[in-house]
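**Student:**
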Amino acid sequence: MVISADLITGILSFLFTLLILSYLIGDNPLFRIAIYIFVGASSGYIASVAWWQVIWPRLVSPLMFGSMLEKGLLLIPLIGSILIFMKVSPRLAGMGRIAMAYIVGVGAAVTIAGALSGTLMPQVMGTINAFDLVAAAGRNIEAVEVVFNGALILAGTVFTLIYFHFGARPQADGSMKRFRLIEILSWGGHIFIGITLGAIFAGVYAAALTALIERIASLINFIGNFL
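Numbers 1 to 227, taken from this note's numbering, label the letters of the sequence shown in order.
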């Protein structure tokens with residue numbers, strides 16, 4: 001009997017689905033085996049991608065076959081890599097602080113820039129565009145609806161930002177308390193945050209339920225085709 005690749009794939013998919021679903025009865029060795037295989041395969045894949053797409057073409061190959069200019073440009077990254085490897089030894093771990101500080105600083109700068117350009121500014125522009133009467137007229141939306149939607153989006157944005165305002169002033173009893181107006185507006189932000197988290201949780205739950213239904217249907221189809 002010739003065993004096709006589709007049959008092997010189907011059997012492995014069937015077995016791993018059962019191993020993962022065994023977690024429904026509690027943590028057990030079968031579930032751990034599936035998790036270990038998944039983590040090991042993922043780690044091997046990441047290591048392979050890192051070697052063939054980053055380390056070899058951007059470090060090893062230029063050092064071995066590149067020009068003197070390329071080798072000179074790679075000298076600083078190579079020294080940084082060696083310093084980071086020094087953190088393996090407790091006695092030499094301090095030598096890697098410079099390289100780690102540089103990585104953390106660059107990462108923080110990229111994160112802040114990404115938050116500004118990818119989150120804050122689009123949110124500001126989205127709030128402004130919500131009051132665009134010309135664009136709304138092109139979609140046959142009445143001005144009252146545009147103003148209401150825009151006001152709701154603006155209120156959600158402002159109240160949510162105020163919720164994360166932690167400035168306070170000392171009281172007579174020594175405690176710290178925010179201004180009364182800030183407390184009231186932050187309560188509105190609390191409502192908007194709760195609605196947002198609820199919608200996110202509903203979306204995650206729906207996605208997980210869809211994945212579960214797909215896996216159960218896959219099991220049923222595999223058993224039906226196998227029999």
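All C-beta atoms, glycine included, are put in the ideal place defined by N, C-alpha and C. Just so we're clear, the structure is a prediction, and the values are computed from it rather than from any experiment.
In whole angstroms, what separates the C-alpha of residue 83 from that of residue 9?
**Tutor:** 44 Å
**Student:** Three or more C-beta pairs closer than 8 Å, one from the region 85-93 and one from the region 102-112: is that the case here?
**Tutor:** no
**Student:** Mind reading off the beta-carbon distance from residue 78 to residue 62? Whole number of angstroms is fine, and I expect it under 8 Å.
**Tutor:** Wrong, their Cβ atoms sit about 10 Å apart, outside the cutoff.
**Student:** Using 8 Å as the threshold, is the region 200-220 in touch with the region 8-26, meaning 3 or more CB pairs across them?
**Tutor:** yes
**Student:** Compute the beta-carbon to beta-carbon distance between residue 127 and residue 154, rounded to the nearest angstrom, for a pair I have assumed lies under 8 Å.
**Tutor:** 5 Å
**Student:** Check the C-beta distance from residue 185 over to residue 159 and give it rounded, since I have them as a contact under 8 Å.
**Tutor:** 6 Å
**Student:** Using the rule of at least 16 other Cβ atoms within 10 Å of the residue's Cβ for burial, across every protein chain shown, is residue 202 buried or exposed?
**Tutor:** So residue 202 ends up on the exposed side.
**Student:** Taking only runs that begin and end inside the region 36-93, name each unbroken alpha helix (DSSP H) of 4 or more residues, in chain order.
**Tutor:** 61-65, 68-73, 75-85
**Student:** Where in the region 111-178 do unbroken runs of the alpha helix (DSSP H), each at least 4 residues long, occur, reported from the N-terminal end onward?
**Tutor:** DSSP runs (the alpha helix (DSSP H)) wholly in the region 111-178: 121-129, 133-138, 143-163.
**Student:** For residue 193, which of 206, 157, 173, 227 has the nearest alpha-carbon?
**Tutor:** 157
**Student:** Give the range of the alpha helix (DSSP H) segment to which residue 20 is assigned.
**Tutor:** 5-21
**Student:** Taking the alpha helix (DSSP H) that residue 221 falls in, what are its first and last residues?
**Tutor:** 180-226
**Student:** Can you list, in chain order, the residues of its chain with a C-beta nearer than 6 Å to that of residue 11? Leave out the 5 residues immediately preceding and following it.
**Tutor:** none
**Student:** Give me the residue from 111, 81, 109, 110 with the minimum Cα distance to residue 97.
**Tutor:** 81
**Student:** Count the other CB atoms within 10 Å of the CB of residue 207; is the residue buried (16 or more) or exposed (fewer)?
**Tutor:** exposed
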